[in-house]
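As structure tokens, the structure follows; a few thoughts come after it.
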Amino acid sequence: MLAGSDLHLRLGGRAALRGATLALRSGEVTALLGPNGAGKSTCLACLSGALRPDAGRVSMDGVDPGGLSPAALAEARAVLEQSPAEGLPFTVAALATLAIPRRIAPAEAEGIRRRALAAAGLAGFAERPVRALSGGERRRAHLARALAQLLAGRALGAGRWLLLDEPTAGLDLAHQAAILRAARAAAAEGAGVLAVLHDLALAAAFADRVAIMAEGRVVAEGPPAGVLTPDRLAEVYGLPVEVRRRADGALAVAPLYHLAEEPKPCTSP
Amino acid sequence: MSLAAETAPPRRRRASRRTIATAALGALVAALAVATLSLGPAAIPLGRVLAALAGAGGPTETAILVEIRLPRLALGVAAGLALALSGAALQGLLRNPLADPGLVGVTAGASLGAVSVIVLGAAVASGLPAALRPWLLPGAAFLGAGAALAFVFALARRAGETSVATLILGGVAVNAIAGAALGALAYVSDDDELRELTFWTMGGLGAAGRPLALAALIPALILTPLLLAQARTLDLMALGERAAFHAGVDVERAKRRIGLAAALGVGAVTAAAGPIGFVGLVAPHLARLLVGPDHRAVLPCAALLGVALVLSADLAVRLAVPPAEPPIGLAMGLVGGPFFLWILLRTLHGGGDARGL
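These protein sequence lines are chains A and B, in that order. Using the numbering used here, the first residue of the first sequence is number -10, and each one after it goes up by one. Using the numbering used here, the first residue of the second sequence is number 5, and each one after it goes up by one.
What follows is the structure in structure tokens.
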């Protein structure tokens, strides 16, 4: 289990987390939703061990990630950053290989790299320079890097958590779906996946569980059908949202935009 | 790591290109080393060099080799290794293609230490035992390099993290302060001191005696494996500090380790040879042009190129107008500056951008 309970953190004089509680489970994709500035990325950074909360505790398989060395953390979890730097002019294969620790034998590393590229939908892109790729392909190349790190961690007896910070931001529909399908595949192999998302429809379609953050707290958490209710979404986003069950049982979520500003923005019960 | 196991043809081609480039550079360095021992005002053919080194040569030739040319070779190797590897590692660490030991103030700190001794050291030296006097200048240069680097790293460290931008700005400040202090020292120095400090600041491999040359070689040989081992860290640092941390890099420790290695090596080399510019800038950039961006290939290539650059510059100044010997730092600046500009223009006109250098 990867869980943060009652996390508080001030960043740059602002309370980014104010009692956030969130637990990830192995084999499940959890979508973390909420308005900009709600503390989603900060919460992810606390769970990943990159930030230490001022108060509250994080437990990664029973251990505080803040007390682990960066190398041990890298074996336990992989992270896809919101906007990694461009990096050196590497090929896709070299970028994915970079995340594999040297303790892994070359032949095994080669296999891991191939599986990661295939899972990210980049099997034919191994020798393409990352800088020559489109935005969506580049994002998938970095996803392949995170997946390679996860697979390498698993080969070393850990590799249980995959944390994706806005993996679909700025991508077209097909690339968004491809990235979340890869996340689902990782969960199907036993990893616990957290994906910070802005698109409610993607969360409804791909997540096993959904958590909604607002003002530094997790205000709702559970299966999509229970959490993504019109009232709650209208309250959190200040915008009416239509939620309906389609004939095939899938949940369809769509915001109802108005050209003029909302007459009645936030309805607090 | 996985080069040997690569099966895809393009990778194999690149790997073999790296091997060929590295081997060719190794051969070039070996040839330059032999030339350094054999050429000079008194040319000694290769056979007699080997004989003298084996202890079977004439007394004059043995003396020239052991007292003059071997220390010269040792110092040249030390300078090439330390300057090129520090430059390559600092450029990778700071994600800035202009970073080199000069930019972060290490060279300026060493110069200030050395020149202080030249101008103000007479009083201190008279109080020292005779055995320690030759070490006063290199010691001061080394302390100056260490102080400059400690200062910029302390300045850039805020809340447990080292800011790269502050580090470089701190280096600019150190360079300005040290430059002003050097000017002040030059102003108060007499004619002999002025001449000595002017020549010292131009750099040279010949002035250092045998103990000092060896003293510079040892830290250079220590830092070489240390920095070569940082290849994966430097590759990951290019993705940003957070991404490097996520992939398992202890970012703060990497910064401290690389900073210390650079201060140690560059401090020792500058103490013995004076400031030698451009090697730390030109060698890594040339290495990247030759073998691509991967630090596992760039670091060894840059090290060999650094040694080749220093040794060939030293040969050039020694053979230009024998027996006079223009300073190597001067030659490096004359050749290195325009050469660097040429690389820059070539990259820009090729539609590339300067970051890819």
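Cβ coordinates follow ideal geometry from the N, Cα and C atoms, glycine included.
Of all residues in the region 24 to 53 of chain A, the ones placed with a Cβ closer than 8 Å to any Cβ belonging to chain B are S37, A39, in chain order.
Annotated three-state conformation of A:G181 is strand, per DSSP. Contact between B:G281 and B:M336 holds: their C-beta atoms lie close to 6 Å from each other, under 8 Å. Nearest to A:S(-6) by alpha-carbon distance, out of A:A4, A:M49, A:G1, A:A194, is A:M49.
B:S130 sits exposed, since fewer than 16 C-beta atoms from the chains shown fall within 10 Å of its C-beta. Think of a sphere of 7 Å around the beta carbon of A:V185: no beta carbon from chain B falls inside it, the nearest being about 15 Å out. At a beta-carbon threshold of 8 Å, the residues of chain A lying near B:R236 are L87, R91, ordered along the chain. In terms of Cβ geometry, A:L186 and A:L22 form a close pair [threshold 8 Å]. In chain order, A114, G117, A118, G271, T274, A275 place their CB closer than 7 Å to the CB of B:A145, counting only its own chain and leaving out the 5 sequence neighbours on each side. Rounded to the nearest whole angstrom, the C-alpha separation of A:A20 and A:A200 is 6 Å. DSSP, read as helix, strand or coil, puts A:V52 in strand. For B:I226, the closest of B:R73, B:D239, B:L89, B:A39 by C-alpha to C-alpha distance is B:L89. Counting only residues of its own chain and dropping the five nearest sequence neighbours on each side, A:P24 has a CB closer than 7 Å to the CB of A203, V225, Y226. Take B:F157, set aside five residues on each side of it, and the residues of its chain with a beta-carbon closer than 6 Å to its own are G263, in chain order.
Three or more beta-carbon pairs separated by less than 8 Å are not found between the region 90 to 102 of chain A and the region 163 to 178 of chain A, which leaves the two stretches without contact. At a Cβ-Cβ threshold of 8 Å, A:V207 and A:T31 do not count as neighbours.
For B:G91, no Cβ of chain A is located within less than 8 Å of the residue's own Cβ. In terms of Cβ geometry, A:H164 and A:R117 do not form a close pair [threshold 8 Å]. The beta carbon of A:E64 is closer than 6 Å to those of G142, L145, A147 in its chain, skipping five residues each way along the sequence. Note on B:E71: under 16 other CB atoms within 10 angstroms of its CB, so exposed under the neighbour-count rule. By the rule that beta-carbons nearer than 8 Å mark a contact, A:V68 touches chain B. Between B:D239 and chain A, the shortest Cβ-Cβ separation is below 8 Å. Straight across, the Cα-Cα distance linking A:A85 with B:R21 is about 22 Å.
At the C-beta level, B:G213 and B:A277 stay beyond 8 Å of one another. Taking a contact as a CB-CB distance under 8 Å, the pair A:A105 and A:L136 counts as one, their CB atoms being some 4 Å apart.
Secondary structure in the region 112 to 188 of chain A: the beta strand (DSSP E) runs of 3 residues or longer, each lying completely within the stretch, are 150 to 153, 181 to 185 in chain order. Taking 7 Å as the upper bound on Cβ-Cβ separation, chain A lies near residues A247, F249, H250, A251, G252, V253, D254 of the region 247 to 269 of chain B. The CB of A:G56 never comes closer than 8 Å to any CB in chain B; the least such distance is about 14 Å. In the three-state reduction of the DSSP assignment, A:A200 falls in the strand class. Distance between B:L141 and B:W204, taken at the CA atoms: about 11 Å. Contact check between the region 240 to 253 of chain B and the region 61 to 81 of chain A: three or more CB pairs, one atom from each, fall below 8 Å, which counts as touching. Just measuring C-alpha positions, the residue of A:L228, A:R233, A:A239, A:A184 sitting nearest A:H247 is A:L228. For A:E231, the number of other beta carbons within 10 angstroms of its own is below 16, and it is reported as exposed. Proximity to B:A92 across B:F344, B:H299, B:G341, B:T64 peaks at B:H299, based on C-alpha coordinates.
Residue burial is scored here from C-beta neighbours: B:D104 has at least 16 other C-beta atoms within 10 angstroms and is therefore classed as buried. Listed along chain A, no residue sits closer than 9 Å to B:P101 by beta-carbon distance, the nearest being about 11 Å off.
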